[in-house]
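Engineer: The following block contains the structure, expressed as structure tokens.
In my numbering, the protein residues as written are 2 to 139.
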């Protein structure tokens, strides 16, 4: 029941976010709650290097701390990787470059690397507001 309550709180607090997906947790290693982040932020992008700055800047400004951020990049020719590199010192960021096409394919690829109970999918041109992270965790 505790997981269900957490999920309900996440859903109610995520009005700025487009999608919240419950991740299969059967492969999680048992550790104390303080050692495991309860969610990962996932951003899928393609040829939108300027727009992804909006999302990443808002995450930095919101003070998400050690929350893991995964960016799946399906770009062909733009400078997304260079932009991502500039955030490596301020965010716990995992960058995945792929030739797959489509948001679903990108999200499915990212799921292989996610070890948290929940995934918060953030569009590459969306900004979170201060306090959103705390609201998700309440």
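Beta carbons are placed, not taken as given, at the ideal position from N, Cα and C, and that holds for glycine.
Please state if the CB of residue 97 and the CB of residue 1 are separated by a distance shorter than 9 Å.
Structural biologist: Absent from the structure is residue 1, since the part of the chain shown begins at 2 and ends at 139.
Engineer: Give me the Cα-Cα distance between residue 40 and residue 78, rounded to the nearest whole angstrom.
Structural biologist: Computed Cα separation, rounded: 31 Å.
Engineer: Counting C-beta neighbours from all protein chains within 10 Å, is the total for residue 86 16 or more, i.e. buried, or is it exposed?
Structural biologist: That one is exposed.
Engineer: What first and last residue would you give for the beta strand (DSSP E) that runs through residue 45?
Structural biologist: Here the beta strand (DSSP E) through residue 45 covers 40 to 46.
Engineer: Measuring CA to CA, which of 132, 64, 108 and 93 is closest to residue 47?
Structural biologist: Nearest C-alpha to residue 47: 108.
Engineer: Grab the span of the alpha helix (DSSP H) containing residue 54 for me, first residue to last.
Structural biologist: Taken as a continuous stretch (DSSP letters only), the alpha helix (DSSP H) holding residue 54 covers 50 to 63.
Engineer: Am I right that residue 128 and residue 59 are in contact with their C-beta atoms under 8 Å? What's the rounded C-beta distance?
Structural biologist: Right, the Cβ-Cβ distance comes to about 4 Å (below 8 Å), so this counts as a contact.
Engineer: Is it the case that the Cβ atoms of residue 93 and residue 69 are separated by a distance below 9 Å?
Structural biologist: Yes, they are a contact pair.
Engineer: Can you list the beta strand (DSSP E) stretches of 3 or more residues lying completely in the region 58 to 115, in chain order?
Structural biologist: Entirely contained in the region 58 to 115, the beta strand (DSSP E) runs reaching 3 residues are, in chain order, 69 to 74 and 93 to 98.
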